[in-house]
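Worksheet for the structure shown next.
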Amino acid sequence: MRKASDMRAGFEPSESSTIAADAVISALFEAGVDTFFGVPGGPVMPLFDAVLRHPHTRLIESRHETTAVFSAMGYWVQSGRVPVVLVTAGPGGTNAVTGMAAAFCEGVPVVVLCGDVAWESTGNICLQNMGPEGVDIENVARSVSRATLRLPEASTAYGYARYAVAAATAPGANGPVLLVLPLDRAATTISKSNAIVAPDSQGTLPVADADTVKKVAHCLAGAERPLVVVGAACRNATSEVKASVETLGLPFVTTPRGKGVLDEDHPLSLRSGGMAASWWARRYVSEGVDVALVLGTDLDDVSIGPTQYVRPGGELIHIDLDARVFGRGLPTTQGIVADLRAFTADLAAISRNFQIRNPYGADLRSRAVQESPFDCPDFAIDAASPVAPHRVLHDLEHAVGPSARFVSDIGEHMLFALHYLTARTVNSFGIHLGLGSMASGIGSAVGRAIADPTSLVVCICGDGCMQMAGSELLVARKHNLPVLTAVFNDSRYNMVYHGYRQQYGRTAAWSSPDIDFSLWARSHGIPATVIDRPGQITSELVEGLMAYGGPALLDIRHDADVRIQGAGRVETLQQMSLAHSDT
5 MRKASDMRAG FEPSESSTIA ADAVISALFE AGVDTFFGVP GGPVMPLFDA
55 VLRHPHTRLI ESRHETTAVF SAMGYWVQSG RVPVVLVTAG PGGTNAVTGM
105 AAAFCEGVPV VVLCGDVAWE STGNICLQNM GPEGVDIENV ARSVSRATLR
155 LPEASTAYGY ARYAVAAATA PGANGPVLLV LPLDRAATTI SKSNAIVAPD
205 SQGTLPVADA DTVKKVAHCL AGAERPLVVV GAACRNATSE VKASVETLGL
255 PFVTTPRGKG VLDEDHPLSL RSGGMAASWW ARRYVSEGVD VALVLGTDLD
305 DVSIGPTQYV RPGGELIHID LDARVFGRGL PTTQGIVADL RAFTADLAAI
355 SRNFQIRNPY GADLRSRAVQ ESPFDCPDFA IDAASPVAPH RVLHDLEHAV
405 GPSARFVSDI GEHMLFALHY LTARTVNSFG IHLGLGSMAS GIGSAVGRAI
455 ADPTSLVVCI CGDGCMQMAG SELLVARKHN LPVLTAVFND SRYNMVYHGY
505 RQQYGRTAAW SSPDIDFSLW ARSHGIPATV IDRPGQITSE LVEGLMAYGG
555 PALLDIRHDA DVRIQGAGRV ETLQQMSLAH SDT
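Note that the sequence shown covers residues 5 to 587 in this note's numbering.
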């Protein structure tokens, strides 16, 4: 058997020719890709082999194709580098579609390379045919992709790979791209002179004219009760958004996906709005916002929740690159298609140069924050046993320290994470609510730790999420990643349980057998312990569990009946008139 060093040394067969799969990996590396996630399988093995032999690429073997895409998404959020996911034909390709849909909803540039059997060249009926007579994966993925491509000839491999990256990173239209590579073409030897290079995207982002920006500034400055709503698309414009709210003196909230874009301890912050909104935000909007500036969010039901960002008849100015989001969640008075970084930079500069500032904003915010922002003001000292979820969040946040990065999965636990955790930097908190897929946080935590293994990643998830994708912790163990998984273990789908009872007026168990995740983790060589009382999670405990670098697990047996008032999905749907409020 060849050693790994020998395999990598043999990446190029000759100076004049190469294998199409090698050309794909070379093209991707030249476009800035060096990290590949995926699950191996026969039809995609030429690409896996090319990654293993390339001298400067690394392969992260995931345990499921969906979570491989979630890991890739977390990697991109943390690093800003485009990841590639390798999946095989048949279930490999179809499993990846859920992850692609999540990446599409959040505008994450991920390139998915899908293998295929050689049905076209042989004319045979083949198992796992991904073409039009089989799964037809291009049509399956088309609605959740920026582009769907199939390698037509082996000689075009280099150009198609470069085009895939360009399509995924097109200005204003980031998202997943699918490239299907049939086994026979990927394994074909081609002449390097035939490696067609596709031009990189040269598009430019729209910019609002100075007069428009100045009018927006005056409108905000003249408001009696202004508000800025900061969405997840502002993650690449944190300093510009911060400068604009400070210069104009405007109170702001962040959406759930935007949590952490601006420091929640900022003197103009009302913390988070939308689902699980802070009581600062709820109190502020309850008195009626007359002018709201909405930045980089689609204002879906989760982003709005109990915080109606503008009163009836008020002015809502919405800035986004996608005009389709205007007027969907709330009536838009003025929709401006513009690059967020440029718009907020211009807004700050014009307001500063012309001394435009709202005279009431800072005082209005001060009055709104005189009482606690939290549903349980004394959550830090709640001594109830079994431990309440809010006390878990307090103990955990203080035990891991300010440098830790939190990622929340989807479920009842995420409401507590959104409400009680304090996010101070753009990467201190993450949640994949574009699609809202369970197990997305588990995969994302792995990807973030791969991108930056120098600081702890804390994944907050539920026992249902663990049952779906807990095996991804084995990836963290294999690579010794600093991931601490905090499992809210209540042996039921807790959000479904409460939502069903609230919506239909009766209960159903929605339960699963009790699982000792601490024992499960230790059986895989992952340090773990059970938490069931307040005060058990300490810095000393975390340091002990992470003594070997990670990963580790907390099996948290919390009080599953503690909830946040008016914070859940059912309340949000009722407010959006998608469910009957009298149920």
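From the three backbone atoms N, C-alpha and C, an ideal C-beta is built for every residue, glycine too.
Residue from the options with nearest C-alpha to residue i
{"i": "residue 181", "options": "552, 536, 109", "result": "109"}
{"i": "residue 21", "options": "194, 513, 240, 346", "result": "194"}
{"i": "residue 403", "options": "550, 133, 171, 544", "result": "544"}
{"i": "residue 442", "options": "425, 301, 421, 465", "result": "465"}
{"i": "residue 388", "options": "564, 483, 485, 233", "result": "564"}
{"i": "residue 520", "options": "293, 528, 209", "result": "528"}
{"i": "residue 74", "options": "102, 37, 83, 53", "result": "102"}
{"i": "residue 168", "options": "485, 421, 33", "result": "33"}
{"i": "residue 530", "options": "97, 489, 299", "result": "489"}
{"i": "residue 256", "options": "244, 241, 230", "result": "230"}
{"i": "residue 2", "options": "146, 378, 159", "result": "The requested residue 2 is not part of the displayed model; the chain covers only 5 to 587."}
{"i": "residue 151", "options": "105, 133, 191", "result": "105"}
{"i": "residue 469", "options": "70, 326, 65", "result": "70"}
{"i": "residue 348", "options": "233, 309, 286, 392", "result": "233"}
{"i": "residue 192", "options": "342, 28, 315", "result": "28"}
{"i": "residue 90", "options": "45, 117, 300", "result": "117"}
{"i": "residue 50", "options": "187, 139, 370", "result": "187"}
{"i": "residue 552", "options": "483, 305, 328", "result": "483"}
Backbone CA spacing between residue i and residue j [nearest angstrom]
{"i": "residue 473", "j": "residue 290", "result": "40 Å"}
{"i": "residue 261", "j": "residue 78", "result": "13 Å"}
{"i": "residue 497", "j": "residue 503", "result": "10 Å"}
{"i": "residue 319", "j": "residue 398", "result": "38 Å"}
{"i": "residue 555", "j": "residue 444", "result": "18 Å"}
{"i": "residue 213", "j": "residue 272", "result": "27 Å"}
{"i": "residue 115", "j": "residue 136", "result": "21 Å"}
{"i": "residue 440", "j": "residue 235", "result": "16 Å"}
{"i": "residue 548", "j": "residue 533", "result": "11 Å"}
{"i": "residue 569", "j": "residue 52", "result": "49 Å"}
{"i": "residue 365", "j": "residue 254", "result": "5 Å"}
{"i": "residue 394", "j": "residue 538", "result": "10 Å"}
{"i": "residue 23", "j": "residue 31", "result": "12 Å"}
{"i": "residue 244", "j": "residue 297", "result": "14 Å"}
{"i": "residue 47", "j": "residue 67", "result": "18 Å"}
{"i": "residue 201", "j": "residue 159", "result": "In this predicted model, residue 201 has a pLDDT of only 45, less than 50, meaning its place in the structure is not dependable enough to derive any value."}
{"i": "residue 317", "j": "residue 413", "result": "37 Å"}
{"i": "residue 204", "j": "residue 149", "result": "Model confidence at residue 204 stands at a pLDDT of 48, short of 50, so the residue's coordinates are unreliable and nothing is read from them."}
{"i": "residue 522", "j": "residue 492", "result": "12 Å"}
{"i": "residue 525", "j": "residue 95", "result": "27 Å"}
{"i": "residue 410", "j": "residue 452", "result": "10 Å"}
{"i": "residue 313", "j": "residue 550", "result": "42 Å"}
Reduced DSSP secondary structure (H/G/I, E/B, other) of residue i
{"i": "residue 103", "result": "helix"}
{"i": "residue 3", "result": "No answer is possible for residue 3: the residues shown for the chain start at 5 and end at 587."}
{"i": "residue 383", "result": "helix"}
{"i": "residue 559", "result": "strand"}
{"i": "residue 200", "result": "Legend: pLDDT at residue 200 = 43, less than 50; position of this residue unreliable, value from coordinates given subsequently. Three-state DSSP puts residue 200 in coil, outside helix and strand."}
{"i": "residue 425", "result": "coil"}
{"i": "residue 130", "result": "coil"}
{"i": "residue 476", "result": "helix"}
{"i": "residue 468", "result": "helix"}
{"i": "residue 292", "result": "coil"}
{"i": "residue 434", "result": "strand"}
{"i": "residue 62", "result": "strand"}
{"i": "residue 545", "result": "helix"}
{"i": "residue 230", "result": "strand"}
{"i": "residue 311", "result": "coil"}
{"i": "residue 568", "result": "coil"}
{"i": "residue 412", "result": "strand"}
{"i": "residue 239", "result": "helix"}
Sequence-distant residues of the same chain with beta carbon closer than 6 Å to residue i, five excluded per side
{"i": "residue 499", "result": "415, 416"}
{"i": "residue 476", "result": "67, 71, 446, 447, 450"}
Own chain residues within Cβ distance below 8 Å of residue i, not counting five before or after
{"i": "residue 356", "result": "251"}
Sheet register partners of residue i (DSSP bridge)
{"i": "residue 535", "result": "560"}
{"i": "residue 490", "result": "464, 558"}
{"i": "residue 322", "result": "298, 339"}
{"i": "residue 185", "result": "119"}
{"i": "residue 358", "result": "In DSSP, residue 358 forms no bridge with anything."}
{"i": "residue 42", "result": "65, 90"}
{"i": "residue 457", "result": "DSSP, once it has assigned bridges, lists no residue as partnering residue 457."}
{"i": "residue 153", "result": "183"}
{"i": "residue 193", "result": "23"}
{"i": "residue 256", "result": "232, 273"}
{"i": "residue 515", "result": "496"}
Within-7 Å CB hit, residue i to chain C
{"i": "residue 97", "result": "In the structure shown, chain C cannot be found, because there is only a single protein chain."}
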